[in-house]
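Student: Letter by letter, the sequence shown follows residues 300 to 328 of my numbering.
Cβ atoms here follow ideal geometry from the backbone N, Cα and C, with glycine treated the same way.
These numbers come from a predicted model, not from an experiment.
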Amino acid sequence: SKKQFEFSEEKMLKDIPHLAGSKKAELAA
């Protein structure tokens with residue numbers, strides 16, 4: 300369970316720059 304949490308947290312951290320980039324692209328559009 301703890302391992303699954305760490306995995307999802309790592310995945311989320313990887314997704315954050317992507318999500319931030321999408322928001323910037325939306326604002327720029």
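Note down the Cα distance separating D314 from Q303, rounded to an integer number of angstroms.
Tutor: 16 angstroms
Student: If you drop the 5 nearest sequence neighbours on each side, which residues of the same chain put their C-beta closer than 7 angstroms to that of M311?
Tutor: none
Student: What first and last residue would you give for the alpha helix (DSSP H) that runs through A319?
Tutor: K301 to A327
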